[in-house]
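In my numbering, the protein residues as written are 289 to 383. A virtual CB, placed ideally from N, CA and C, is assigned to each residue, including glycine.
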């Protein structure tokens with residue numbers, strides 16, 4: 289299956305999520321967080337808007353506080369940071 293990417297000299301974007309690493313704890317019968325982190329990369333995306341949408345769904349939880357009625361954005365559990373990186377494409381012949 290072909291995937292449409294960008295042409296020469298255009299920008300592409302990817303989402304970078306840093307999470308707390310986890311390990312299985314037999315005694316607790318669940319995953320527990322460790323002191324290490326894991327970096328995950330998602331993309332590339334052709335537009336900054338697509339990358340922002342993925343960053344929102346991967347890194348944040350949006351909800352309305354029932355007491356105040358305010359919209360609140362919090363980092364998802366285990367997410368240390370969530371950002372977007374940009375690259376500029378350069379195409380060259382393969383030998």
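Same chain, Cβ closer than 6 angstroms to residue i, neighbours up to 5 away in sequence not counted
i	result
residue 369	306
residue 373	302, 304
residue 342	303, 330
Residues of its chain near residue i, where Cβ-Cβ distance is below 7 angstroms and the 5 sequence neighbours each way are ignored
i	result
residue 353	360
Span of the beta strand (DSSP E), counted from its first residue to its last, around residue i
i	result
residue 343	Residue 343 -> not in any beta strand (DSSP E); alpha helix (DSSP H) instead, spanning 336-347.
residue 305	299-313
residue 325	318-333
residue 373	367-376
residue 382	No beta strand (DSSP E) contains residue 382, which DSSP labels as neither H nor E.
residue 364	Residue 364 -> no beta strand (DSSP E), and no H or E assigned at all.
Proximity to residue i [Cα-Cα], best of the options
i	options	result
residue 296	376, 382, 308	376
residue 366	298, 333, 348, 383	348
residue 338	322, 356, 326, 371	371
residue 333	298, 379, 378, 356	298
residue 345	323, 364, 336	364
Other residues of its chain near residue i: CB distance less than 8 angstroms, five sequence neighbours each side excluded
i	result
residue 358	352
Determine contact between the stretch 294-302 and the stretch 310-319, defined as no fewer than three beta-carbon pairs at a distance below 8 angstroms.
-> no
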